[in-house]
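Asker: Each residue of the sequence shown is one higher than the one before, counting from 1 in full-length UniProt numbering.
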Amino acid sequence: MCQGRWHCFQPVHGCEIIDFAQKNPKFNKMFNDAMACTAKLEAEGILWGYRDGFSSINGSLVDVGGGTGEMAAKIVKAHPHVKAINFDLPHVITTAPMHQGVSHVEGNIFGAIPNVDAILLKRVLHGFSDEDCIKILKNCAKKIPKKTGKIIIVEHVLEPNGNGPFDETGLVMDLLMMILTSSGKERTELDWKKLLKEGGFSHHKIIKIPAFLSIIEAHPA
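#1: Closer than 8 Å is the cut-off here; do at least three beta carbon pairs connect the stretch 51-60 with the stretch 99-119?
#2: Would valine 124 count as contacting chain C if we go by Cβ distances under 8 Å?
#3: Our contact map puts leucine 125 next to cysteine 133 with C-beta atoms below 8 Å; I'd like the distance itself, whole angstroms only.
#4: With a cut-off of 8 Å on the beta carbons, I'd call asparagine 28 and histidine 91 a contact; round off their distance for me.
#5: From proline 80 to proline 145, what does the alpha carbon distance come to, in whole angstroms?
#6: Would you kindly work out how many angstroms separate the C-alpha atoms of valine 102 and isoleucine 216, rounded to a whole number?
#7: Helix, strand or coil: how does DSSP classify arginine 51 here?
#8: Buried or exposed: where does cysteine 37 fall if 16 or more other Cβ atoms within 10 Å of its Cβ makes it buried?
#9: If you reduce the DSSP assignment to three classes, tell me which class leucine 196 lands in.
#10: With a 10 Å radius around its C-beta and 16 neighbouring C-beta atoms as the bar for buried, classify lysine 74 as buried or exposed.
#11: Here's the rule I'm using: 16 or more other beta-carbon atoms within 10 Å means buried, otherwise exposed. How should tryptophan 192 be labelled?
#12: Evaluate asparagine 32 with the Cβ neighbour count: other Cβ atoms within 10 Å of its Cβ, from every protein chain shown; 16 or more gives buried, anything less gives exposed.
#13: So the candidates are His204, Asp88, Lys150, Phe87; which of them puts its Cα closest to the Cα of leucine 190?
#14: Given that a residue counts as buried once 16 or more other Cβ atoms are within 10 Å of its Cβ, and exposed if not, what is glutamate 159?
#15: So the beta strand (DSSP E) leucine 89 belongs to, where does it begin and stop?
#16: Using three-state DSSP, classify phenylalanine 212 as helix, strand or coil.
#17: Please report the Cβ distance between threonine 188 and valine 154, rounded to the nearest whole angstrom; I am assuming they are in contact, meaning their Cβ atoms lie under 8 Å.
#18: Assign methionine 30 to buried or exposed, taking buried as 16 or more other Cβ atoms, counted over all protein chains shown, within 10 Å of its Cβ.
So this is what it looks like as structure tokens:
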């Protein structure tokens, strides 16, 4: 049975979904393929909605939790001046194909993220608790230039009254995070503002794109 906040995966499988993927190559491939497919579907809206933001990157970008590198490859194809790094756990990177203009680096999101000009976090933070998100954001803040660096968060941004055009989708994702993770959830703009401030980012803006996701651009304090 599910316990606590409906977290079902760990009680059933004896470990978190990331650890399960590491131990089960077949599931790992299926999960990575699904994330790559999702990236392909979302890429057009993200690239269009944040075209000026990607164009303004003067140097390097790391896609943290970038899976097999599909999103990084799409960014480089649209913006060849960007030097892209795809960063994920070792068991993910070992399955990643080569993409022109993209280098793969394995590591942990709480550890040695490469020093870059911009960090992309697409559908990553919704899998973590507020406390862990703050740790991740503080780690990211150390890896980018204080004056010119930025992070690009791609997530659902729920309306506080629940009346947003894509809030039903966001709430379904919220339930999914409750089931698959021990503490993940979707968040409102107020939630994001609080996390960013505590994580070392003094100002941000939200960019709506033609999709149920939004882009949050944030700059260090």
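Here a beta-carbon is modelled for each residue, glycine too, at the ideal position from N, C-alpha and C.
Answerer: Reading off the structure:
#1: yes
#2: Among the protein chains of the structure shown there is no chain C, as only one such chain exists.
#3: 5 Å
#4: 6 Å
#5: 21 Å
#6: 23 Å
#7: helix
#8: exposed
#9: helix
#10: buried
#11: buried
#12: buried
#13: His204
#14: exposed
#15: Per DSSP, leucine 89 belongs to no beta strand (DSSP E) and is neither H nor E.
#16: coil
#17: In fact, because the Cβ distance is near 16 Å, the residues do not count as touching under 8 Å.
#18: exposed
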